[in-house]
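Residue numbers (the numbering used here): 1084 to 1587.
The C-beta atom is built at its ideal place from N, Cα and C for all residues, glycine as well.
Computed from a predicted structure; not experimentally measured.
Report on the structure given below.
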Amino acid sequence: MSNTLYDALFAPHLGSAQPYLVKPDGGVLTYGDFLKMAARYAHAVAAAGVGPGDRIAVQIAKSPEALALYVASVQAGAIFLPLNTAYMPAEVEYFVGNAEPKLVVCDPSGREALAPITENAGAVLETLAADGSGTLSARAEGQPEAFDTVARGPDDLAAFLYTSGTTGRSKGAMLTHDNLLSNAETLREVWRFTADDRLLHALPIFHTHGLFVAVNTVTAAGGSMIWLPGFKLDEVISHMPDATSMMGVPTFYTRLLDDARFTRELVAHMRLFTSGSAPLLAETHVAFEERTGHRILERYGMTETNMNTSNPYDGERRAGTVGFPLPGVELRICNPETGEELSQGDIGVIEVRGANVFKGYWRMPEKTREEFRDDGFFITGDLGKIDEDGYVHIVGRAKDLIISGGYNIYPKEVELLLDEQEGVLETAVIGIPHPDFGEAVVAAVVPQKDVSLCEEDILEAIRDKIARFKQPKRLFVVDELPRNTMGKVQKNLLRDRFGGEFAA
Ligand code: MCA
Ligand code: AMP
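Here it is as structure tokens:
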């Protein structure tokens, strides 16, 4: 039976002895063996009651088995919902309540905390650890190595990825088989991935970047990946000689540049370095070229849209820009209020349309309508312009969003939590420059009358409530928040005041 994504990306490699995943210890998993493992997991998820269109929510460490579960989900016709491993149980509770998955898979260490949540939601809970052990792998063990792929068409959903919202509530972006496949094929072509490629994969696989941009693109080309559990500098440097390419967030590149072992010789053989998820400073781009002779290829995307633009493979990779719209992607710059298209060179909101763009937010028709124009363009919330040579520049964000080390943090979510803390009157959460993470989360907090607040106490009080990466790295107690005449908090003034906190 036909299944758009599985048939195009994975089925061609069934039985292949070509390497797919290279483990940190050098062990190689071939395409053929990997796909047998995925088939066993497909049987396991089907046995857990997952059918076409059902959701599988996973909060698990990166491992070959975790990737096999993604492929199993595609093959079983399910909708894959990966969750950041840093999320706390209270955050997972929202996703489970909202997405109503049939199956939730977590690390064995998280089982106790998640059991009441999944029970409440009527979901089956299984475990999968970083070493591949767990109740789900036990279910997969001994299952047949082939699975009757469930039929799914181009418009059927393959994944939900939650993205935070300006109101503080996350929205499930519904991605179809065709959204993912079309983007993978485009990227393979424009970035020239082939079966000879070996990608150094150090990104997490619960986001579009690590899962779809990296995995789907390499798989579409029949290439292999050095499958690292995360970004650890020593490991990345030691595996670099075996790689042909790497995809990273800017923090990867600034960390590499800070290390004397990262030399021109080490990467002389490399074919491609790409960067995205957050702005790559022009100075990082320049320093990287000076050190290595390579120009990082910067591209721009979003969970909702997959990749929209890319600097050229052959032409000039222009620092501080995200390149040109990808083939099949229409991009325009509009007046944020009226939606009217602006002239070349003007700054406005970036809007995109194409096969890459998602189907809307799960069970949020209103929100979906608000973020699309009538003619089908999606309003990204990023502010940009197109220069005279056609390069797209991102100059800011219309949305109140912080991007720290490639992770998105919506200030509203953090503010709502801080506001609940004892003695807190009101708060404002902002992003300020940070040498490692690009931007860091900090908060200005106004105490209630006659209350004296202590930074450490508040940070301690929220420690287990939201993911650590969303928590303020500093908290400043202030008498009042600066407001304009309309009463709106002037975050720019707070950024002016506290912005130098992490200056080198
Ligand atoms: C970890 N910490 C962070 C971050 N990561 N704080 C702020 N921002 C972060 N990104 C905190 C931890 O909570 C911990 O704090 C301390 O730093 C050390 O944690 P550790 O896990 O050791 O950090 P790390 O391994 O050094 O991680 C940093 C990292 C990682 C490698 C940059 O964040 C990362 O892999 N980022 C990539 C994100 C990504 O793939 N984004 C793509 C999504 P404490 O010690 O206080 O507990 S965007 C996307 O997909 C779109 C479509 C696109 O365009 O690509
Ligand atoms: P996410 O919601 O996690 O998919 O993050 C998407 C956001 O990341 C975009 O809307 C941009 O604000 C930002 N982003 C992604 N790539 C780039 C880039 N190359 N330069 C600047 N911002 C980027």
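Straight through space, the alpha carbons of Leu1118 and Leu1264 are spaced by roughly 18 Å. Proximity annotation: the ligand MCA has residues Leu1286, Pro1287, His1290, Thr1291, His1292, Gly1293, Gly1313, Phe1314, Val1332, Thr1334, Gly1359, Ser1360, Gly1384, Met1385, Thr1386, Ser1487, Gly1488, Gly1489, Tyr1490, Phe1520, Arg1551 and Phe1552 in chain order, each selected because its CB is closer than 6 Å to a heavy atom of the ligand. Taking Val1435 as reference, the option from Leu1576, Trp1445, Lys1254 and Gly1411 with the minimal CA-CA separation is Gly1411.
In this structure, the beta-carbon distance from Thr1218 to Glu1209 falls below 9 Å. In this structure, Glu1381 has its beta carbon less than 8 Å from a heavy atom of the ligand AMP. Spatial neighbours of Thr1087 in its own chain (CB-CB distance under 7 Å, excluding positions within 5 residues in sequence) are listed in chain order as Arg1235, Gly1236, Pro1237, His1260, Asp1261 and Leu1264.
Less than 9 Å separates the beta-carbon of Ala1127 from that of Gln1226. Judged by DSSP secondary structure, Phe1356 falls within the beta strand (DSSP E) whose first and last residues are Leu1355 to Ser1358.
With a beta-carbon spacing of about 5 Å, Phe1552 and Tyr1490 fall inside the 8 Å limit used to define contacts. Residue pairing of Ile1513 in beta bridges, as defined by DSSP: Val1525.
Between the region 1467 to 1482 and the region 1398 to 1407, the count of C-beta pairs closer than 8 Å reaches three or more; the two stretches touch. For Asp1465, the CB falls within less than 8 Å of some heavy atom of the ligand AMP. Secondary structure note for Thr1113: its beta strand (DSSP E) is the uninterrupted segment Val1111 to Thr1113. The alpha carbon of Val1529 has as its nearest neighbour, out of Leu1500, Leu1564 and Pro1516, the alpha carbon of Leu1564. The C-alpha of Ala1206 lies about 17 Å from the C-alpha of Leu1152. Contact check for Thr1302 and Phe1093: beta-carbon distance about 7 Å, within the 8 Å limit, so the pair qualifies. In the structure shown, the three-state DSSP call for Asp1090 is helix. The C-beta distance from Arg1480 to Asp1465 rounds to 6 Å, short enough to meet the 8 Å contact threshold. Val1141 is a Cβ neighbour of Phe1163, given a cutoff of 9 Å. By DSSP's assignment, Val1560 forms a beta bridge with Val1528.
With respect to the 9 Å criterion, Leu1112 and Pro1147 are classified as neighbours on the basis of their beta carbons. Proximity of the beta carbon of Pro1362 to the ligand AMP is indicated: a heavy atom of the ligand is located closer than 8 Å. Tyr1444 is not a Cβ neighbour of Gly1306, given a cutoff of 9 Å. Taking one beta carbon from each stretch, the region 1452 to 1463 and the region 1278 to 1290 have fewer than 3 pairs nearer than 8 Å; the two do not touch.
Taking the Cα of Ser1487 as reference, the smallest distance to any Cα among Leu1499, Thr1510, Ala1523 and Val1497 is reached at Ala1523. Here Gly1109 has no same chain residue with a Cβ atom under 8 Å from its own Cβ, once five neighbours each way along the sequence are excluded. Thr1451 has its CB no nearer than 8 Å to any heavy atom of the ligand AMP. Residue pairing by DSSP puts Gly1406 in a beta bridge opposite Val1475.
Annotation for Ile1541 indicates a beta carbon at 8 Å or more from all heavy atoms of the ligand AMP. Considering only Gly1582, Glu1543, Val1572 and Gln1504, the residue with the shortest C-alpha distance to Gly1521 is Gly1582. Fully contained in the region 1533 to 1557 are the following alpha helix (DSSP H) runs of length 4 or more, in chain order: 1538 to 1545. In terms of Cβ geometry, Ala1361 and Val1332 form a close pair [threshold 9 Å]. Collapsing the DSSP output to three states places Glu1372 in a helix. Taken in chain order, the complete beta strand (DSSP E) segments of 3 or more residues contained in the region 1393 to 1437 are 1412 to 1417 and 1431 to 1437. In the three-state reduction of the DSSP assignment, Ser1487 falls in the strand class. Proximity to Ser1156 across Tyr1170, Lys1185, Thr1168 and Val1105 peaks at Lys1185, based on C-alpha coordinates.
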